[in-house]
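K.L.:
Just so we're aligned: the sequence shown equals residues 3 to 113 in this note's numbering. A virtual CB, placed ideally from N, CA and C, is assigned to each residue, including glycine. Keep in mind that this is a model prediction, so the values were computed, not measured.
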Amino acid sequence: YKKYPLPTVLHYCQTYGVSNVLFSKYKIPENIFTCEKPLLVEPADDAMSGENSFFINEIRKRVDLKPKYHKRHTFATCAMTSAVNEAALFYKMHHCKAPANKERTITLVKL
């Protein structure tokens with residue numbers, strides 16, 4: 003997009019989230035790159051809607067986001083969950099003999 007170029011670098015220095023999807027580099031399961039482990043839950047298609055301008059943090063507390071931060075959190079959460087899932091799928095495609103778990107069910111919010 004010439005008019006609205008995407009960032010080329012994401013300085014990942016905090017926890018990001020949108021709605022009920024959280025991304026924290028400290029919360030990624032150590033065994034994410036295995037055949038059995040499912041993938042991360044990704045933000046919904048309507049993540050940028052006003053109803054989703056919040057996230058649930060690590061201790062299950064709602065954090066409301068102003069529009070500027072909603073956009074940033076949505077971009078970072080989508081970018082990071084997608085990148086981790088792509089890497090996990092690459093691993094599964096090249097190293098799993100039996101069908102690998104490709105369900106997107108891992109949530110990083112404490113339940």
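With the cut-off set at 8 Å, would you say Pro40 and Ile108 are in Cβ contact?
P.N.:
Here residue 40 is taken as the residue at index 38 of the sequence shown, counted from 1. Here residue 108 is taken as the residue at index 106 of the sequence shown, counted from 1. Going by C-beta atoms, Pro40 is nearer than 8 Å to Ile108.
K.L.:
Measure the CB-CB distance between Leu24 and Asn54 and report whether it falls below 8 Å.
P.N.:
Reading the sequence shown from its first residue, position 22 is the one you call residue 24. Reading the sequence shown from its first residue, position 52 is the one you call residue 54. Not in contact: Leu24 and Asn54 (Cβ atoms no closer than 8 Å).
K.L.:
Starting from Tyr71 and walking both ways along the alpha helix (DSSP H), at which residues does that stretch end?
P.N.:
Sequence index remark: in the sequence shown, residue 71 carries index 69 (1-based). Looking at the DSSP string, the run of the alpha helix (DSSP H) that includes Tyr71 is 69-97.
K.L.:
Looking at C-alpha atoms only, which residue of Ala81, Cys98, Thr83, Thr76 is the closest neighbour of Met50?
P.N.:
Taking the first residue of the sequence shown as 1, we reach residue 50 at position 48. Cα-wise, what sits closest to Met50 is Thr76.
K.L.:
Closer than 8 Å is the cut-off here; do at least three beta carbon pairs connect the segment 65-74 with the segment 24-37?
P.N.:
Judged by Cβ distances under 8 Å, the segment 65-74 makes no contact with the segment 24-37, as fewer than three pairs qualify.
K.L.:
Between Gln16, Thr10, Asn22, which has its C-alpha nearest Gly62's C-alpha?
P.N.:
Within the sequence shown, residue 62 is the residue found at index 60, counting from 1. Residue identity check: residue 62 is Arg in the sequence provided, not Gly. Cα-wise, what sits closest to Arg62 is Asn22.
K.L.:
I'd like the span of the beta strand (DSSP E) that includes Val20, first residue to last.
P.N.:
Along the sequence shown, one-based indexing puts residue 20 at 18. Residues 18-20.
K.L.:
Report the option in Val111, Pro101, Val86, Lys112 whose CA atom is closest to the CA atom of Phe35.
P.N.:
Here residue 35 is taken as the residue at index 33 of the sequence shown, counted from 1. With distances taken between Cα atoms, Phe35 lies closest to Val86.
K.L.:
Tell me, which residues are paired with Leu41 by DSSP?
P.N.:
Numbered from 1 along the sequence shown, position 39 holds the residue referred to as residue 41. Per DSSP, Arg106.
K.L.:
Please tell me whether Val11 and Thr79 are closer than 8 Å, where the distance is taken between their beta carbons.
P.N.:
Looking up residue 11 in the sequence shown gives position 9. Looking up residue 79 in the sequence shown gives position 77. Contact flag unset, no.
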